[in-house]
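Numbering follows this note's numbering, in which position 217 of the sequence shown is assigned residue number 302; successive positions increment by one, without gaps.
Just so it is clear, CB atoms sit at the ideal spot from N, CA and C, and this is done for glycine as well.
What you are looking at is a predicted structure, and each value in this text was computed from that prediction instead of being measured.
This report concerns only the one structure given below.
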Amino acid sequence: RDTVPQGKKQMKEVTHIVKVEDGRTIEIEMEGETITKVMVDGRPVPPDEYDQYRDEVEELRQEMAEPLHLDADTIITFFPEKDMRRTEIVVDEDFGPDTMIVFDWDFDTDTIVLEEGDQWEWEADDDPWPRRQRRMDLRMERLERELERMEEELERMFEGKDEEIRQRIEEALEETQRAMERLQQELPLPEDEDLDRLHEKIEREVEMARRKADVDRRRAEIELRRAERERRHAERKTWMEVLEHQLVQDGLIEPGASWSLELSDKKMKVNGKKMPEEVHQRYVELYERFHGTPSGKWKIEYRNEL
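This is the structure:
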């Protein structure tokens with residue numbers, strides 16, 4: 086039975102019934118007493134034929150016990166047939182993040198919270214241990230999906246960046262994966278409370294990996310900014326050396342003397358003296374070889390005080 090909140094005060098009751106018998110699957114959805122959807126073996130039934138299934142609906146509803154009162158946006162209760170060897174539940178995006186799946190098997194009720202991407206297989210001859218093992222596997226699968234999302238995010242973040250930094254982060258994630266596998270082997274037969282502790286321990290491992298990756302990311306950003314500053318400083322030093330050499334070669338300044346330069350799209354001045362247009366154009370071309378072509382109006386000034 087699915088209970089879907091509608092506003093703050095009113096609740097809209099939606100009943101979802103699935104029956105599998107003699108190889109035939111019937112799915113029925115109801116809002117109150119109104120049938121809103123019927124599927125037979127995955128094929129929709131026309132609305133004008135819904136009344137044909139009303140007796141079957143009433144029979145199924147009488148068989149159903151009220152589900153447990155649990156804190157979930159949606160609660161779905163499954164009552165497998167006794168001769169059914171397996172019931173497989175696959176959760177997709179239609180279920181929402183807080184769907185509660187309740188299995189009722191010969192009065193042995195088992196409750197699992199499933200998320201998008203989860204898959205649960207129910208065996209007719211299950212005993213408590215395989216179900217606990219499956220629950221642990223489910224948690225491990227979720228953590229593995231979280232690690233994969235982290236890897237994809239870090240891959241995008243460091244695309245084209247320093248390979249050594251990216252390698253360090255990948256190694257941290259791989260170590261977390263190995264730690265998860267070791268933890269899984271530490272408790273071969275965990276009880277439910279052991280599963281909770283194991284899950285918390287694994288989550289701490291993942292959180293530590295995330296924090297380490299974040300520290301490495303920030304450290305990488307600092308290193309990249311420092312490298313960029315050093316690159317710009319080297320370019321500026323090289324440019325100033327080339328510029329000063331050219332000014333000396335053209336006889337515009339004395340070697341080892343202080344000098345100033347004003348260069349724009351309109352004119353050029355050296356030590357306050359305006360230069361001819363051909364000299365101006367030659368230095369504009371020199372500037373563009375180092376810095377690219379400026380757009381629009383531009384002006385730069387250099388002072389070399391000795």
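Sufficient close CB pairs (3 or more, under 8 Å) joining the region 102-111 to the region 119-130: yes
Reduced DSSP category for Glu116 - H, G, I as helix; E, B as strand; rest coil: The residue you call residue 116 lines up with position 31 of the sequence shown. Looking at Glu116 - three-state DSSP - the assignment turns out to be strand.
Element boundaries [alpha helix (DSSP H), containing Val364]: Residue numbering aside, residue 364 sits at position 279 when the sequence shown is read from its first letter. Residues Glu362 to His376.
Boundaries (first-last residue) of the beta strand (DSSP E) holding Asn389: Numbered from its first residue, the sequence shown carries residue 389 at position 304. Lys384 to Asn389 is the span of the beta strand (DSSP E), which, as asked, contains Asn389.
Contact check, Leu348 vs Tyr372, beta carbons under 8 Å: Numbered from 1 along the sequence shown, position 263 holds the residue referred to as residue 348. Numbered from 1 along the sequence shown, position 287 holds the residue referred to as residue 372. For the 8 Å CB-CB criterion, Leu348 and Tyr372 form a contact.
Burial state of Met360, where buried means 16 or more other Cβ atoms lie within 10 Å: In the sequence shown, counting from the first residue as 1, residue 360 sits at position 275. Answer is buried; the Cβ neighbour count reaches 16.
For Ile307, three-class secondary structure by DSSP: To locate residue 307, count along the sequence shown from 1; it is residue 222. It is helical.
Length of the line joining the Cα atoms of Ala342 and Arg374: Walking along the sequence shown from the start, residue 342 turns up at place 257. Walking along the sequence shown from the start, residue 374 turns up at place 289. Taking the straight line joining both Cα atoms gives about 25 Å.
Whole-angstrom distance between Met293 and Thr119, CA atom to CA atom: The sequence position of residue 119 within the sequence shown is 34, counting from 1. The sequence position of residue 293 within the sequence shown is 208, counting from 1. Cα to Cα, Thr119 sits roughly 51 Å from Met293.
Assumed close pair Leu332, Val355 - CB separation to whole angstroms, cut-off 8 Å: The count along the sequence shown starts at 1 and reaches residue 332 at position 247. The count along the sequence shown starts at 1 and reaches residue 355 at position 270. Correct: roughly 7 Å between the Cβ atoms.
Under the three-state DSSP convention, the category Lys104 falls into: Here residue 104 is taken as the residue at index 19 of the sequence shown, counted from 1. In the three-state scheme derived from DSSP, where H, G and I count as helix and E and B as strand, Lys104 is classed as strand.
Contact set for Lys384: own chain, Cβ-Cβ below 6 Å, skip 5 residues either direction: Working through the sequence shown from its first residue, we reach residue 384 at position 299. If we look at Lys384 and ignore the five residues flanking it on each side, its Cβ neighbours are Ser349.
Reduced DSSP category for Leu328 - H, G, I as helix; E, B as strand; rest coil: Reading the sequence shown from its first residue, position 243 is the one you call residue 328. Note: Leu328 maps to helix in three-state DSSP.
Whole-angstrom distance between Lys351 and Asp299, CA atom to CA atom: By one-based count along the sequence shown, residue 299 stands at place 214. By one-based count along the sequence shown, residue 351 stands at place 266. Roughly 49 Å between the two C-alpha positions.
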